[in-house]
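Below is one structure, written out as structure tokens; comments come after it.
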Amino acid sequence: MSSLNLYDTATRTTSAFVPLKAGEVGIYLCGATVQAPPHIGHVRSGVNFDILRRWLIKSGYNVTFIRNVTDIDDKILHKAVHEESPWWAVAMKYERAFTDAYAALNVLPPTYEPRATGHVTQMIELMQLLIERGAAYAPGNGDVYLEVRKLQSYLTLSRQKLDDLMPAADADETYKRDVRDFALWKAAKPGDPSWPTPWGAGRPGWHLECSAMAKAYLGESFDIHGGGLDLIFPHHENEIAQSEAAGYGFAARWMHNAWVTASGEKMSKSLGNSLQVHELLKSVRGIELRWYLGSAHYRSMLEFSHEALAEASVNFRRIEAFLNRSVELLGKVPTPVVGKAFSDAMNDDLAVPTALASISEALRIGNSAITSGDMTAVAHSADEIRGALEVLGCDPFDSAFVSQGSSDEMTQALDGTIKLALAQREAARIRKDFESSDAIRDGLKALGIVIEDTAQGPRWSISQKTEGSGS
RNA sequence: GGUGGAAUGGCCGAGAGGCGAGGCAAGGGACUGCAAAUCCCUCUACACGGGUUCAAAUCCCGUUUCCACCUCCA
Numbered sequence: 001m002s003s004l005n006l007y008d009t010a011t012r013t014t015s016a017f018v019p020l021k022a023g024e025v026g027i028y029l030c031g032a033t034v035q036a037p038p039h040i041g042h043v044r045s046g047v048n049f050d051i052l053r054r055w056l057i058k059s060g061y062n063v064t065f066i067r068n069v070t071d072i073d074d075k076i077l078h079k080a081v082h083e084e085s086p087w088w089a090v091a092m093k094y095e096r097a098f099t100d101a102y103a104a105l106n107v108l109p110p111t112y113e114p115r116a117t118g119h120v121t122q123m124i125e126l127m128q129l130l131i132e133r134g135a136a137y138a139p140g141n142g143d144v145y146l147e148v149r150k151l152q153s154y155l156t157l158s159r160q161k162l163d164d165l166m167p168a169a170d171a172d173e174t175y176k177r178d179v180r181d182f183a184l185w186k187a188a189k190p191g192d193p194s195w196p197t198p199w200g201a202g203r204p205g206w207h208l209e210c211s212a213m214a215k216a217y218l219g220e221s222f223d224i225h226g227g228g229l230d231l232i233f234p235h236h237e238n239e240i241a242q243s244e245a246a247g248y249g250f251a252a253r254w255m256h257n258a259w260v261t262a263s264g265e266k267m268s269k270s271l272g273n274s275l276q277v278h279e280l281l282k283s284v285r286g287i288e289l290r291w292y293l294g295s296a297h298y299r300s301m302l303e304f305s306h307e308a309l310a311e312a313s314v315n316f317r318r319i320e321a322f323l324n325r326s327v328e329l330l331g332k333v334p335t336p337v338v339g340k341a342f343s344d345a346m347n348d349d350l351a352v353p354t355a356l357a358s359i360s361e362a363l364r365i366g367n368s369a370i371t372s373g374d375m376t377a378v379a380h381s382a383d384e385i386r387g388a389l390e391v392l393g394c395d396p397f398d399s400a401f402v403s404q405g406s407s408d409e410m411t412q413a414l415d416g417t418i419k420l421a422l423a424q425r426e427a428a429r430i431r432k433d434f435e436s437s438d439a440i441r442d443g444l445k446a447l448g449i450v451i452e453d454t455a456q457g458p459r460w461s462i463s464q465k466t467e468g469s470g471s
């Protein structure tokens, strides 16, 4: 079995993954700034890194997965004014929306999910350390800045030169030693929330929380830091600047997921209303949306379209239908097994599209085995497919999805009712009264129940709602 | 101006020097009372112009178009 290779944004190459501590992996993923409802771009990041996490777990690692919540920043404060509610109420509202979206898509809850506002103490300690080491300064107005010109290796992740950056249009240079110095801490303005510090009351700048919380939960050095491509600069550069200036090793590897695009352009908050997760979940199930978001390689742009989402839905249902048939035929739920082709693909920088090809292959073999009555082969295919789906977070037998169904009593009652109708239909077919038998089939179909005649007799299933039917 | 990314068949979407991923759609066939489901077959592409090579979608040079980041961003 091959070993895991992962891409590293810092070196722009793929290399063997070697954890800092044998058997353990620490991951820090930049989570949401909770200032708006989640759109599918946000959750794509969650899904991509959830697949990474599940694959690491499946590979035998003990994974500590941190995904933060940034619950204080300029946008949240603006939103609070706009919504006429307290900033903390805004943050809580959208944090819940994110939590719901992650849950609907079966993204595992992080090991720890720290909030920025709960770690002001750690931030102050980090700033004190940075000032002691001469990397940061407090000019006396309540702000604290990091002095970027003094850094040995600033901007190495994005490979830019400090002097080539376009100067910020709105930079307040009054207290800065250099225009590009960034704020670790911002002095409180009237009406703003604030916390007391040795340099005056204020609130965190955007980047400080991640350095402070990564240190708190993963230590000075950890294995993987993840986030969206657009965080490379400035957010991740500034995290590196803070943490390395503090003397920490920080992230050994950087991984970034690409965007979901719409009409070739990055999804932005201004055009994304209909692409909010809760909107899309009106037309497809969470497991199907996840299947779609996870189906492209994490470093490739995913061009969103309703047609492509519907196609992914149909594709997933074929796989699900095979698994359900295998349960009917074998009388047991498949045991997850990881196949070699799938494993090799995942070890190659999480090559999910190639891994999906291995699922298609297993599906074809499994369906043929049903036709030929080779139950050993059916079981083998079903086990491998379930093993693959489990890693992708799309296992239909996962309690996260099973619980979305209805109660056992109702299911049994419905099953009994339909079987009565099917018995009538069979009787009609035997006496070649196809008009009556087809009437029964059509009647059931009108109710959303699809009948299939198989070698083992008729079976029924509920036809799923389809994408695009709502609007 | 600086730094990156992308262009693949009707569509989606991998691959990164040589046996043309995979899916969807379409057409044909098998099975079926008819369907449905399933299986088999067919259609075969790498933006453009040069170059390297026995061999280029893949490497090199140039060009075009598009996208992103440059202190709000997943």
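Using the UniProt record's numbering, the letters of the first sequence correspond one by one to residues 1 to 471. Using N, Cα and C, we set each Cβ at its ideal position, and we do this for glycine too.
Unbroken beta strand (DSSP E) stretches of 3 residues or longer found wholly inside the segment 8 to 45: 13 to 16 and 24 to 29, given in chain order. Counting along the chain, K282 sits inside no beta strand (DSSP E), nor does DSSP assign it H or E at all.
The DSSP-derived three-state label of F250 is strand.
In the DSSP assignment, the residues bridged to N257 are G228.
Straight-line measurement puts the Cα of G202 at about 4 Å from the Cα of A187. Shown here for G31: same chain residues with a beta carbon closer than 6 Å to its own, the five before and five after excluded, namely R67, N68 and V69 in chain order. By the criterion of a C-beta distance shorter than 6 Å, V25 is surrounded in its chain by P19, L56, Y61, V63 and D223, once the five residues flanking it on both sides are discounted.
Annotated three-state conformation of F222 is strand, per DSSP. R203: not part of any alpha helix (DSSP H); member of the beta strand (DSSP E) spanning G202 to P204, first to last residue.
Minimum Cα-Cα distance from L275 among the listed residues S2, T11 and I40 corresponds to I40.
Look at the beta carbons and you see the segment 233 to 250 touching the segment 204 to 215: at least three pairs across the two are nearer than 8 Å. Here H207 is buried, its C-beta having at least 16 other C-beta atoms within 10 Å.
As for any beta strand (DSSP E) of minimum length 3 sitting wholly inside the segment 134 to 170, the runs are 144 to 146, ordered along the chain. Taken through DSSP and simplified to helix, strand or coil, F304 comes out as coil.
Under the three-state reduction of DSSP, Y292 is assigned to helix. The beta carbon of H380 sits closer than 7 Å to none of the beta carbons in its chain outside the five residues before and after it. Here M127 is buried, its C-beta having at least 16 other C-beta atoms within 10 Å. R67 is bridged by DSSP to L29. The C-beta of D163 has fewer than 16 other C-beta atoms within 10 Å across all chains shown, which makes the residue exposed.
Check the Cα spacing between S194 and each of L129, D73, T454 and L329: the tightest is with D73. Non-local beta-carbon contacts of L356 in its own chain, meaning distances under 7 Å to residues more than five positions away in sequence, involve S295 in chain order. In the displayed model, I72 falls within coil according to three-state DSSP, outside both helix and strand. Taking K58 as the centre and dropping the five residues before and after it, the same chain places the C-beta of V338, E390 and V391 closer than 8 Å to its C-beta, in chain order. Taking 8 Å as the cut-off, the beta carbon of V260 is found closer than this to the beta carbon of M267. Collapsing the DSSP output to three states places T197 in coil. Counting every other CB atom within 10 Å of its CB across the protein chains shown gives M375 a total below 16, marking it as exposed. A distance below 8 Å separates the beta carbons of L323 and P334. Secondary structure in the segment 426 to 454: the alpha helix (DSSP H) runs of 4 residues or longer, each lying completely within the stretch, are 434 to 446 in chain order.
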